[in-house]
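Numbered per my numbering, the sequence shown spans residues 100 to 411.
The block underneath contains the structure these notes are about, expressed in structure tokens.
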Amino acid sequence: MVVGVDEIGRPATERRSNPAGPRNGIGNDSIGQNLATSVPTLLQGEKMHLFFLFNLREVCWCEEADLALVVLGLSPDPSYGSVEERKDVDFQEENGNGARTQMESVVASIAQTRALINSSQVFNRETKEEIKSWQARNMEITARNKSLLQEIHATQSQRAEREKRLEAKEQHLVALRNEIQDRTMSAKQFSISLARAKQAFDSQVLLTEKELTDATGEVENLEKKCHFMLELKRLVRARKEKVQSEKGEVEVALVKVEESFKAVEDDTKQLERELEKLNSNRRDELAKVDDLKRKQKKLAEEKDQLMKGVDK
């Protein structure tokens, strides 16, 4: 038997003969009229009513049947098509077994739908748990990022302070180097002046010794002549002794000057050792700065990896 259904649920055979035929029916007035009162009974969850509802839905496509399916948690099967696509659909029952076959397919569809609903609920619970875990992970990563940023800021502050200290030490080294150069130049000039003074003094001493020798010879020649010449000899000897004394004082002064020059050389060597020590400390500080730079780069890489993990 073939029954055609129009857009308002009337059988196709009644379109011309009965334009005002039954609404929401399949050609039987009792089914169409009692459908509104049957839906609450169908919503009670009894299997036979539910099967009848599916069967009725495929026959008449009534809005109450679709609504009942939605209320029961069973969405209308989209494979049946929309209401517009289901116009003028023929329902055919072959050999009296069409209803049984259709009910079996409906039972299978219900079981499959329930399985999908259960799996969807499980998936939703797992998704919520996974979202919670990812939110916790995101909070941990955020805290880690804050800690890394604080550590980076602290490292940058330490680096700036160390750079300032290194700059101050470099300025101190430059000042020490200039002072050493000034002292070296002064020592060289003093050595040249001292050498010239010593040379002039030696020349004067030689000249004086020659004069003394000449005077001594003259005195010895004149001692025999007069007492005045003896007194002159005594005076010459006194002068000679005075010159010798002055020569000793000059030699002592020269010794002191040499000791001062040696002290200056020792100070210069000490300053050079201090300069070498400062250079060594500077290299150590530069090595520490390079180590800090490597740590900062490593922290930046860890941060990038964490951010990539968050993006994923």
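We put the CB at the ideal spot given by N, CA and C, even for glycine.
Check, Outcome
"In whole angstroms, what is the alpha-carbon distance linking Lys376 and Thr254?", "26 Å"
"List, from N- to C-terminal side, the alpha helix (DSSP H) runs of 4 residues or more that fit wholly inside the region 340-406.", "none"
"According to DSSP, is Lys324 part of a helix, a strand, or is it coil?", "coil"
"Under 7 Å Cβ to Cβ from Val342, same chain only, skipping five residues before and after it: list those, please.", "Thr307"
"Determine the direct distance from the alpha carbon of Arg382 to that of Ser256, and round the result to whole angstroms.", "20 Å"
"Express the C-alpha separation of Ile230 and Gln270 in angstroms, rounding to a whole number.", "58 Å"
"Is the region 299-314 touching the region 386-400 in the sense that three or more CB pairs, one from each, lie closer than 8 Å?", "no"
"Between the C-alpha atoms of Ser219 and Ser232, what's the straight-line distance to the nearest angstrom?", "19 Å"
"Any contact between the region 284-293 and the region 352-361? By contact I mean 3 or more CB pairs, one from each, below 8 Å.", "yes"
"Starting from the Cα of Glu364, find the closest Cα among Glu319, Gln298, Asp403 and Met284 and give me that residue.", "Met284"
"Smallest Cα separation from Gln298: which of Thr315, Glu350 and Met406?", "Glu350"
"Ignore the nearest five residues each way along the sequence and tell me which others in Ala314's own chain have a CB closer than 7 Å to its CB.", "Val335"
"Could you tell me the distance, in whole angstroms, from the CA atom of Lys396 to the CA atom of Ser379?", "26 Å"
"With distances taken Cα to Cα, identify the nearest neighbour of Gln369 among Glu310, Arg295 and Arg276.", "Arg276"
"One question on the structure: do Leu272 and Leu385 come within less than 8 Å of each other, judged by their Cβ atoms?", "no"
"Between Ile251 and Leu398, which are expected to be in contact by the criterion C-beta below 8 Å, what is the C-beta distance as a whole number of angstroms?", "6 Å"
"Using only the alpha-carbon positions, how far apart do Asn223 and Gln234 sit?", "16 Å"
"With a cut-off of 8 Å on the beta carbons, I'd call Asn244 and Leu405 a contact; round off their distance for me.", "7 Å"
"In whole angstroms, what separates the C-alpha of Glu262 from that of Gln249?", "20 Å"
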